[in-house]
Amino acid sequence: MNKFFDSRFWPIHDRLWLTLHKTYQIIEEHSEKAKGNLLDIGGEKNRVFEIFEGKIKNYISLDIKHNQNKSDLNVVGDGLNLPFKTNSIDTVLCTQVLEHIKEPQIFVNETHRVLKKGSYCFLSTNMTWFFHAVPDDYYRFTESGLKYLFKNFSETEVYPAGGYISTLFALTLLPFKYLPKPISFIPVTILNILGKALDKLFFDSRLTTNLVILAKK
89 MNKFFDSRFW PIHDRLWLTL HKTYQIIEEH SEKAKGNLLD IGGEKNRVFE IFEGKIKNYI
149 SLDIKHNQNK SDLNVVGDGL NLPFKTNSID TVLCTQVLEH IKEPQIFVNE THRVLKKGSY
209 CFLSTNMTWF FHAVPDDYYR FTESGLKYLF KNFSETEVYP AGGYISTLFA LTLLPFKYLP
269 KPISFIPVTI LNILGKALDK LFFDSRLTTN LVILAKK
């Protein structure tokens with residue numbers, strides 16, 4: 089499928105497509121680094137999990153409560169005090185959670201602790217987005233801020249999930265959540281395609297909705 093219109097992980101007629109499809113594309117581009125036991129912090133085997141099928145051995149989801157998918161190995165726990173031994177996890181995945189963590193440095197340090205040496209953490213979080221308390225919403229991050237939080241990792245790369253034009257379009261699309269899907273389907277699809285095209289033509293990464301960090305212990 090043409091990556092420009094890739095909708096495998098999020099439908100192109102959805103108002104969040106500009107933000108999330110690029111996030112998942114970036115993770116997929118580096119997914120060969122995943123292996124073994126994957127710990128998804130705050131996840132519920134969502135769309136991004138498909139990226140790692142065939143690359144990992146076990147999927148472990150951790151959250152403050154059990155999720156509804158009983159086929160997964162669910163662990164109830166706190167990201168600030170992960171209930172795993174040091175050097176016991178092969179891969180960590182954490183999407184759209186860091187902004188909801190009150191103490192992000194402690195969280196990142198715990199991620200570093202449980203990872204085996206040479207293993208990777210895949211994490212995405214917001215740079216520019218609306219307030220969304222589920223249950224709390226504390227921070228927005230920059231590339232420099234993320235690299236500082238992950239300073240104990242041996243290697244870190246930060247990737248913007250789009251530029252300033254796609255960010256402006258993504259924010260403009262937010263009110264469409266209040267319209268019925270049959271009404272919003274066509275205009276949202278058109279605005280997503282236009283926003284992506286203009287963003288590619290006039291790309292500037294200094295303003296983005298999401299940042300993805302790939303960090304090696």
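Following the working numbering, the numbering of the sequence shown begins with 89 at its first residue and continues without gaps.
Glycine included, each C-beta is placed from N, C-alpha and C at the ideal position.
Open item on the list: On the criterion of 16 or more Cβ atoms from any shown chain inside 10 Å, does Lys305 qualify as buried, or is it exposed?
Closed with: buried
Open item on the list: At the level of alpha carbons, what is the spacing between Val164 and Leu181?
Closed with: 16 angstroms
TODO: With a threshold of 16 other CB atoms inside 10 Å of the CB of Pro227, please say whether the residue is buried or exposed.
DONE: Inspection of the sequence shows that residue 227 is occupied by Tyr rather than by Pro. Exposed.
- [ ] Using a Cβ-Cβ cut-off of 9 angstroms, state whether Ile274 counts as contacting chain B.
- [x] Any reference to chain B falls outside this structure, which holds one protein chain only.
Open item on the list: Suppose you measure from the CA of Pro268 to the CA of Leu104; what does that come to, to the nearest Å?
Closed with: 15 angstroms
Open item on the list: Check whether the region 262 to 279 and the region 123 to 131 are in contact - that is, three or more C-beta pairs closer than 8 angstroms.
Closed with: no
Open item on the list: Just to confirm my understanding: we take Glu116, look at its own chain, exclude 5 residues before and 5 after, and list those with CB closer than 6 angstroms. What are they?
Closed with: Ile139
TODO: Give me whichever residues DSSP pairs with Leu181 in a beta bridge.
DONE: Asp128 and Phe210
Task: Within 9 angstroms, strictly: CB atoms of Leu36 and Thr199 - done: In this structure the chain extends from 89 to 305, so residue 36 is not present and cannot be described.
TODO: Would you mind sorting Val185 into buried or exposed? The rule is 16 or more other CB atoms within 10 Å of its CB.
DONE: buried
- [ ] Pull up the distance between the alpha-carbon of Lys158 and that of Val196, whole angstroms please.
- [x] Its pLDDT being 49, under 50, Lys158 is placed unreliably by the model, and the measurement read from it follows with that caveat. Going from the Cα of Lys158 to the Cα of Val196 covers about 28 angstroms.
TODO: Pull up the distance between the alpha-carbon of Met89 and that of Ser95, whole angstroms please.
DONE: Low confidence applies here, because Met89 scores a pLDDT of 47, under 50, leaving its location unreliable; read the following figure in that light. Distance between the alpha carbons of Met89 and Ser95 is about 9 angstroms.
Task: Buried or exposed by the 16-neighbour rule on C-beta atoms within 10 Å, applied to Val222 - done: exposed
Open item on the list: How far does the beta strand (DSSP E) with Asn146 in it extend, from its first residue to its last?
Closed with: Asn146 to Asp151
Task: Of the residues Met215, Asn240, Thr244 and Phe238, the one placed nearest Leu259, counting alpha carbons only - done: Met215
Task: Residues of its chain near Ser242, where Cβ-Cβ distance is below 8 angstroms and the 5 sequence neighbours each way are ignored - done: Lys304 and Lys305
Open item on the list: Between Asp225, Asp224 and Thr244, which has its C-alpha nearest Ser232's C-alpha?
Closed with: Thr244
- [ ] Would you please state the rounded distance, in angstroms, between the beta carbons of Lys121 and Tyr208? I believe it to be under 8 angstroms.
- [x] 5 angstroms
TODO: Would you mind sorting Lys153 into buried or exposed? The rule is 16 or more other CB atoms within 10 Å of its CB.
DONE: exposed
Open item on the list: Quick check on this structure: which residue in Lys239, Pro263 and Phe218 has the alpha carbon closest to the alpha carbon of Thr296?
Closed with: Phe218
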